[in-house]
Amino acid sequence: MADQIEQLLVAASQADRASEQTLEQYVEQNFAEFCRALATIIAEEQRGMQGRQMAVLYFKNLLAGQSAAVQTQKHDRWKALAPEVRQEVKEKVLQTLLNTQVAGLPHFCAIVAAEIAVIEMPFKEWPTFSQSLAITANPNASEAVKVAALECLGYTCERLAQVEELVPNVPELDAGVVDSMLTTIVDGAQPDKSDNMRRAALQALKNSLIYIRKNMETKAERDFIMTAIAEASRSQDESIRQLCFGCLDIICDQYYDFIAEYMTHIYNMTTDAIKSDQFEEVKMEAIEVWTTLANVEQDMLFTERQTQSMGFPLERAPCPNYVMAASEHLLPLLLQTLTQVEEDVEEETWTLQASASNCVELISLTIEGRILQFVVPFVQQNILSPDWKFRDASIVAFMSIQEGCPTEAIGNFVRESLSVMIGAFKDPSPVVQSSAVHCVGTMCKLHLDALQPQAVRGILEAFLEKLSEGPAMSSRCCTGIYNVAKSVARQFPGDPPNSNLLSEPMRYLMPKLLALSDRPDSNEHNLRVASMSAAAALVSASAMDVQGIFRELLPHIIDRTKLVLNTHVISQEEKDAREQVLGSLCGLFQTLYQRMDTADVIDRTTEVMNLLMQILQVNNISCHEEAFFAVGAVAANIEESFLVC
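Residues in the sequence shown are numbered from 87 upward in steps of one, following the numbering used here.
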């Protein structure tokens with residue numbers, strides 16, 4: 087049987103559908119014998135590598151599922167096999183991993199062994215698994231086999247975490263099993279081991295960290311783990327250093343209460359890497375450690391404030407404020423890192439600058455207005471630098487602290503910097519322009535109350551001028567306009583005022599925003615949705631003195647909706663774009679009916695309802711949601727007349 091299955095596996099790898107179907111029939115008709123045959127193919131050294139690899143991959147797919155139902159079904163099928171069949175398969179796979187001389191095969195065997203271990207170890211059904219892989223100190227084992235053993239432990243922890251997310255009530259691993267695995271893993275990470283072993287060990291350690299709480303609670307074991315990580319930070323291999331900080335990041339998140347005695351070392355390791363490491367990936371992982379610390383402390387401080395406000399005693403020791411203590415020296419490093427930016431980088435790419443900016447933002451949310459003393463001098467010193475990278479860094483730095491600083495703390499700086507920020511809209515560097523628009527948009531979202539009405543109008547005029555540029559810039563300006571509108575709306579939470587600072591700009595902004603959705607490039611950088619969302623936000627924030635604009639706008643939106651509904655689409659991309667526009671138009675109908683007088687809409691309401699009913703026939707859930715919201719707004723506006731529509 088093994089010979090025939092090997093032939094079918096090789097054929098199936100060439101997309102031979104008949105062979106695939108025959109293999110599926112074998113699985114359904116005699117799963118036990120099929121598993122034994124796969125194990126035989128994997129174990130027998132005289133067989134070709136292709137067939138053995140395919141047997142491994144097919145076996146893995148028999149055991150791994152992408153959903154809870156499928157994963158449970160596959161695990162149950164394996165556990166239904168006779169114990170002797172499972173034992174035979176496990177022995178063949180594990181012995182092949184530990185003894186084969188074929189290059190690359192131990193790695194593949196590690197994958198299958200891990201999948202089986204994930205099923206059995208939580209139920210204490212493979213007690214010898216972890217001990218069998220404790221070979222990192224065995225002088226008779228080859229490096230390839232030692233690496234594969236470490237990979238197997240890493241895969242096991244990784245897959246177990248994935249299964250636990252999918253399938254409820256998976257039993258915890260036995261403490262003895264965790265101890266055995268951890269001992270092997272940390273031994274493999276020691277400086278006297280090869281770089282290949284250390285990489286595999288540190289990846290396995292990273293995957294295992296969520297299972298080692300009991301070990302971290304014991305100082306001697308904790309020291310053993312933290313020493314191995316500290317040693318890895320000094321490796322000449324950049325991937326080992328990167329894994330070191332990845333482990334440290336998880337430890338700071340999962341075991342924050344145990345890191346006090348190591349904080350000096352953590353600070354030194356991370357800041358040395360941020361300052362001096364030659365590889366961006368390592369710098370980013372080191373920065374992420376502080377992002378995580380800031381996130382943890384932000385949550386702790388919030389809980390403390392909530393607890394104290396309710397008059398309850400704290401359930402744990404007060405936050406030690408490691409982030410605040412480190413800020414004086416850490417923030418200058420992060421701000422300097424913001425200057426490490428390149429042109430022509432995709433907007434959504436996670437870069438070193440993005441990592442540093444995110445960390446500064448999290449620190450600002452943690453220490454709040456106290457961050458100004460560290461960041462404001464950097465901004466003032468570099469905002470007019472002849473080097474565009476420093477100009478950009480100063481803008482990004484200012485943007486990064488805005489959410490963490492209350493308006494009363496940052497308001498003066500917002501007012502003082504606004505003219506320079508708007509001037510940067512015309513900076514020679516496109517990167518600086520983009521950052522400046524984003525920064526001003528963030529100001530408008532968080533600190534509009536700090537600005538005078540005339541300053542806000544100047545911002546809107548600056549955004550308007552940039553709307554004629556490329557889709558990325560136009561979309562960002564739309565977001566800025568949206569933020570202004572939302573902030574103005576918050577200033578008048580009740581009935582709309584007779585007039586507000588949007589009344590005058592509304593006349594020139596609304597036509598421009600609606601025209602953006604007709605641009606050939608409006609499907610790029612979310613421009614179409616951004617423009618329509620900004621238009622809807624302007625309507626929602628409007629005052630009473632712009633009703634005349636809305637009376638002109640409603641027929642325009644009706645005509646536009648008819649045009650879109652009657653547009654013939656062929657490709658999926660065209661269909662998606664059409665449905666996106668329809669959803670946005672529903673949003674405009676909703677806001678218009680929420681703002682306009684009944685007398686101004688009643689004559690067109692039957693027409694609007696017919697259009698909304700057509701949109702409800704479109705096979706798109708998002709469109710349906712937007713249409714129902716719009717119908718609700720129509721009903722609320724015209725009340726008893728709604729039944730006539």
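Glycine residues also receive a C-beta, built at the ideal position from the N, C-alpha and C atoms.
Neighbourhood of L246 by C-beta, 6 Å cutoff - its chain only, sequence neighbours within 5 removed:
Cβ-Cβ distances below 6 Å link L246 to V204 in the same chain, with the five nearest sequence neighbours on each side left out; the list follows chain order.
DSSP three-state call for L420: helix, strand or coil?
Looking at L420 - three-state DSSP - the assignment turns out to be helix.
Taking only runs of the beta strand (DSSP E) that begin and end inside the region 119–202, which ones reach a length of at least 3 residues, in chain order?
Look at the region 119–202 and you find no whole run of beta strand (DSSP E) that is 3 residues long or longer.
Check each candidate in T270, I296 and S628 and name the one with the smallest Cα separation from A286.
Measuring C-alpha to C-alpha distances from A286 to each of T270, I296 and S628 identifies T270 as the nearest.
If distances are taken between C-alpha atoms only, which option among Q633, T377, P582 and N116 comes closest to Y408?
Among Q633, T377, P582 and N116, the Cα nearest to that of Y408 belongs to T377.
Beta-carbon proximity check, Y679 vs A623, cutoff 8 Å
For Y679 and A623, no; Cβs fall outside 8 Å.
Please work out which residues of its chain come closer than 6 Å, Cβ to Cβ, to D535, disregarding the five sequence neighbours upstream and downstream, and give them in chain order.
Cβ within range, chain order: T493.
Confirm, please, whether the CB-CB distance from Q488 to H524 is below 8 Å.
Q488 is positioned such that its CB atom lies no closer than 8 Å to that of H524.
Would you identify the three-state DSSP class for T691, choosing helix, strand or coil?
Residue state, collapsed to three classes: helix.
Thinking just about the alpha-carbon of each residue, which of L451, A442, R456 and D323 is nearest to the one in S480?
Among L451, A442, R456 and D323, the Cα nearest to that of S480 belongs to A442.
Can you check whether the CB of V198 is closer than 8 Å to the CB of V142?
Taking a C-beta distance under 8 Å as the contact criterion, V142 and V198 qualify as a contact pair.
Terminal residues of the alpha helix (DSSP H) in which E324 lies
Where E324 is concerned, the enclosing alpha helix (DSSP H) starts and stops at E324 to Q340.
Determine contact between the region 695–714 and the region 647–657, defined as no fewer than three beta-carbon pairs at a distance below 8 Å.
Verdict: yes, contact present.
Close beta carbons around K210, own chain, < 7 Å, minus the five adjacent residues each side:
Within the same chain, D260 come within 7 Å of K210 by CB-CB distance, once the 5 residues on both sides are set aside.
By how many angstroms is the C-alpha of N282 removed from the C-alpha of L191?
One C-alpha to the other measures close to 16 Å.
To the nearest angstrom, report how far apart I688 and M596 are at their CA atoms.
Take the alpha-carbon of I688 and the one of M596: they are about 23 Å apart.
Check each candidate in A629, L588 and E244 and name the one with the smallest Cα separation from G580.
Here the closest residue by C-alpha is A629.
Runs of alpha helix (DSSP H) lying entirely within the region 460–525, each at least 4 residues, in chain order
Runs of the alpha helix (DSSP H) lying entirely within the region 460–525 and spanning at least 4 residues, in chain order: 474–487 and 493–509.
A346 and C330 - do their beta-carbons sit closer together than 8 Å?
Contact: no.
With a Cβ-Cβ cutoff of 8 Å, do M302 and F344 count as a contact?
Contact: yes.
Using the C-alpha atoms, what's the distance from M386 back to I394?
A small correction: the amino acid at residue 394 is Gln; Ile does not occupy that position in the sequence shown. So the two alpha carbons sit approximately 12 Å from each other.
Sorted by chain position, which residues of the same chain lie with C-beta nearer than 7 Å to E119's C-beta, five sequence neighbours on each side aside?
Within the same chain, E119 has close Cβ partners M87.
Express the C-alpha separation of Y341 and L400 in angstroms, rounding to a whole number.
Whole-angstrom Cα-Cα distance: 19 Å.
Contact between the region 271–280 and the region 166–175: three or more CB pairs below 8 Å?
Contact between the region 271–280 and the region 166–175 is absent: fewer than 3 CB-CB pairs across the two stretches fall below 8 Å.
Considering just the uninterrupted stretch of the alpha helix (DSSP H) at E367, what are its terminal residues?
Start and end: E366 to S395.
Would DSSP call I311 helix, strand or coil?
Helix, per DSSP.
Boundaries (first-last residue) of the alpha helix (DSSP H) holding L553:
No residue range can be given for L553, since it is assigned to no alpha helix (DSSP H) and is classified by DSSP as neither H nor E.
May I ask which residues mark the beginning and end of the alpha helix (DSSP H) holding T270?
Looking at the DSSP string, the run of the alpha helix (DSSP H) that includes T270 is A261 to G274.
What separation, rounded to the nearest whole angstrom, lies between the Cα atoms of G490 and M207?
Rounded to the nearest whole angstrom, the C-alpha separation of G490 and M207 is 45 Å.
Find the nearest neighbour of L148 within the set S515, E201, S99 and G137, judged by alpha-carbon distance.
Ranking S515, E201, S99 and G137 by Cα distance to L148 puts E201 first.
Assign D363 to one of three DSSP states: helix, strand, or coil.
Correct three-state label for D363: coil.
Between T528, E551, S603 and R133, which lies nearest to L504 when the distance is taken from Cα to Cα?
The residue with the shortest Cα to Cα distance from L504 is T528.
C-beta contact flag for Q181 and A223 at 8 Å
Judged by their CB atoms, Q181 and A223 are not nearer to each other than the 8 Å cut-off.
Out of A558, V518 and T692, state which residue places its alpha-carbon closest to the alpha-carbon of T425.
Comparing Cα positions, the closest option is V518.
Going by beta-carbon coordinates alone, are F464 and A483 separated by less than 8 Å?
Cβ atoms of F464 and A483: closer than 8 Å.
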